[in-house]
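Novice:
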Ligand SMILES: [Zn+2]
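In the numbering used here, the protein residues as written are 2 to 320.
#1: Within the stretch 152 to 207, note down every full beta strand (DSSP E) run reaching 3 residues or more, in order along the chain.
#2: Taking DSSP's pairing of strands, which residues face residue 224 in a bridge?
#3: Residue 72: beta carbon under 8 Å from a heavy atom of ligand 1?
#4: Flag this pair as yes or no: are the beta carbons of residue 16 and residue 155 separated by less than 9 Å?
#5: Assuming contact is defined by CB atoms lying nearer than 9 Å, are residue 287 and residue 257 in contact in what I supplied?
#6: Say the cut is 8 Å; is the CB of residue 1 nearer than that to a heavy atom of ligand 1?
#7: Since residue 279 is in the alpha helix (DSSP H), which residue starts that stretch and which ends it?
#8: Return the first residue and the last residue of the beta strand (DSSP E) that residue 41 is part of.
#9: Any heavy atom of ligand 1 closer than 8 Å to the Cβ of residue 95?
#10: What residues match up with residue 148 in a beta bridge as DSSP calls it?
#11: From the DSSP output, in three-state form, read off residue 315 for me.
#12: Less than 9 Å between the C-beta atoms of residue 225 and residue 251, yes or no?
#13: Taking all protein chains shown into account, do 16 or more other C-beta atoms lie within 10 angstroms of the C-beta of residue 187, making it buried, or fewer, making it exposed?
#14: Going by beta-carbon coordinates alone, are residue 321 and residue 87 separated by less than 9 Å?
#15: Grouping DSSP H, G and I as helix and E and B as strand, with all else coil, what is residue 98?
#16: Give the DSSP-derived three-state secondary structure of residue 301 in the structure shown.
#17: Would you check if the distance between the CB atom of residue 240 and the CB atom of residue 168 is smaller than 9 Å?
#18: Under three-state DSSP, which class holds residue 290?
#19: Tell me whether residue 92 counts as near ligand 1, meaning its Cβ is closer than 8 Å to at least one heavy atom of that ligand.
#20: Please state whether the Cβ-Cβ distance between residue 207 and residue 220 is less than 9 Å.
#21: Is residue 289 closer than 9 Å to residue 266 when the C-beta atoms are compared?
#22: Determine the closest residue to residue 55 out of 74, 22 and 36, with distance taken between C-alpha atoms.
#23: Should residue 83 and residue 150 be called a contact, given that it needs their Cβ atoms to be closer than 9 Å?
#24: Looking at the structure shown, is residue 19 part of a helix, part of a strand, or coil, going by DSSP?
#25: Using the C-alpha atoms, what's the distance from residue 216 back to residue 259?
Printed below as a string of structure tokens:
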């Protein structure tokens with residue numbers, strides 16, 4: 002990408018950062034890639050609250066152990082047209098969760114505005130950026146560049162070696178859907194994926210490409226791209242190196258330019274609160290769940306009841 006374009010794309014994020022609904026930590030991100038027709042797209046988003054959460058529960062509400070807000074980078078990815086090989090321009094230091102999502106979604110280049118390194122909350126977040134976000138970028142092969150807009154200077158913080166291929170044990174699985182989506186085919190697919198994943202938690206969704214082809218995306222819990230169960234690092238108390246199945250399905254859809262079809266998303270257990278918030282951010286209103294008594298932690302159950310009672314996200318048990 003030409004330098005002039007890099008500054009232009011970063012400026013597009015900077016231009017909207019003050020429109021963020023967040024009272025103190027205002028962040029914007031610009032996801033730039035090419036869609037299935039080869040046209041460049043740019044999705045510029047700030048951090049904020051999905052409308053239903055903001056309107057019904059308010060911005061202070063906790064959704065289980067998660068906030069109800071979505072970071073700018075993840076929101077842009079949730080609305081991505083095709084993030085494989087895309088670049089992302091951020092006004093601030095990305096948190097580990099967003100970097101995990103970027104890696105899963107196939108983003109290859111990360112640009113961070115120099116001012117992001119100077120803000121108050123950069124100081125607070127700084128160690129998670131150095132200890133985790135940067136490490137994930139290195140393992141996942143995502144280049145990181147600091148952008149000095151005013152001086153017109155780019156400083157590389159990390160560049161993967163030519164031909165570097167990140168380790169991945171269990172990529173999300175993409176299959177062509179044999180027929181038109183139907184509840185019958187949904188049930189049949191779920192049964193087949195239970196046979197594949199056995200007792201491991203997994204999620205799946207039917208997804209449509211802009212070219213009309215329908216696919217099945219399925220995934221289980223997995224370390225972030227570049228890590229394996231052998232190389233995974235010690236867990237930070239706040240952030241995990243693991244990606245949850247629903248998040249992986251959401252990010253895989255973004256990666257390949259697929260749109261998840263409403264009513265055809267399934268999780269074998271109750272999703273985590275963060276997965277629920279991301280689903281809402283992707284404008285979904287329901288999810289089918291295999292076992293409504295099973296969740297990773299108690300907060301999942303709590304969040305489910307909160308969102309169900311508020312009429313924001315429905316949880317359907319398959320018969
Ligand atoms: Zn984040």
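Ideal Cβ placement from N, Cα and C applies to all residues, glycine included.
Keep in mind the model is a prediction, meaning the values are calculated, not measured.
Specialist: In brief:
#1: Whole beta strand (DSSP E) segments, 3+ residues: 154 to 159 and 174 to 177.
#2: The residue given as residue 224 occupies position 223 in the chain shown. Paired residues: 243.
#3: As a working note, residue 72 is residue 71 in the chain shown. Checking the Cβ of residue 72 against ligand 1 gives yes.
#4: Locating residue 16 in the chain shown gives position 15, counting from the first residue. Locating residue 155 in the chain shown gives position 154, counting from the first residue. At the C-beta level, residue 16 and residue 155 stay beyond 9 Å of one another.
#5: Position 286 of the chain shown, counted from the first residue, corresponds to residue 287. Position 256 of the chain shown, counted from the first residue, corresponds to residue 257. If you check the CB distance, residue 287 and residue 257 do not come in under 9 Å.
#6: What the structure shows of the chain is the stretch from 2 to 320, and residue 1 is not part of that stretch, so it cannot be assessed.
#7: Counted from its first residue, the chain shown places residue 279 at position 278. In the DSSP assignment, residue 279 falls within the alpha helix (DSSP H) that extends over 274 to 282.
#8: By 1-based counting over the chain shown, the position of residue 41 is 40. For residue 41, the uninterrupted beta strand (DSSP E) segment begins and ends at 41 to 47.
#9: As a working mapping, residue 95 is identified with position 94 in the chain shown. Within the cutoff, so yes.
#10: Residue 148 sits at position 147 when you count from the first residue of the chain shown. Residue 148 is bridged to 114 and 155.
#11: The residue labelled residue 315 in the question sits at position 314 within the chain shown. Residue 315 falls in the strand class under three-state DSSP.
#12: Here residue 225 refers to the residue found at position 224 when the chain shown is read from its first residue. Here residue 251 refers to the residue found at position 250 when the chain shown is read from its first residue. No, these two residues do not count as a Cβ contact at 9 Å.
#13: For this step, residue 187 is matched to residue 186 along the chain shown. Buried, since its Cβ has 16 or more Cβ neighbours within 10 Å.
#14: The structure shown does not extend to residue 321, since the chain is modelled only from 2 through 320, so no value can be given for it.
#15: Translated into the one-based positions of the chain shown, residue 98 becomes position 97. Look at residue 98 here: in three-state DSSP terms it is helix.
#16: As a first step, residue 301 is located in the chain shown; it is residue number 300 there, counting from the start. DSSP places residue 301 in helix when its eight states are reduced to three.
#17: The residue you call residue 240 lines up with position 239 of the chain shown. The residue you call residue 168 lines up with position 167 of the chain shown. Between residue 240 and residue 168, the gap from beta carbon to beta carbon reaches 9 Å or more.
#18: On the chain shown, residue 290 is found 289 positions in, with the first residue counted as 1. Residue state, collapsed to three classes: strand.
#19: Numbered from its first residue, the chain shown carries residue 92 at position 91. At a cut-off of 8 Å, the beta-carbon of residue 92 does not count as near ligand 1: no heavy atom of the ligand is closer than that.
#20: Here residue 207 refers to the residue found at position 206 when the chain shown is read from its first residue. Here residue 220 refers to the residue found at position 219 when the chain shown is read from its first residue. No. Outside cutoff.
#21: Locating residue 266 in the chain shown gives position 265, where the first residue counts as 1. Locating residue 289 in the chain shown gives position 288, where the first residue counts as 1. Yes, the Cβ-Cβ distance between residue 266 and residue 289 is below 9 Å.
#22: Locating residue 55 in the chain shown gives position 54, where the first residue counts as 1. Taking residue 55 as reference, the option from 74, 22 and 36 with the minimal CA-CA separation is 22.
#23: Here residue 83 corresponds to residue number 82 of the chain shown, with the count starting at 1. Here residue 150 corresponds to residue number 149 of the chain shown, with the count starting at 1. Not closer than 9 Å, so no.
#24: To locate residue 19, count along the chain shown from 1; it is residue 18. Under the three-state reduction of DSSP, residue 19 is assigned to helix.
#25: Along the chain shown, one-based indexing puts residue 259 at 258. Along the chain shown, one-based indexing puts residue 216 at 215. Distance between the alpha carbons of residue 259 and residue 216: 8 Å.
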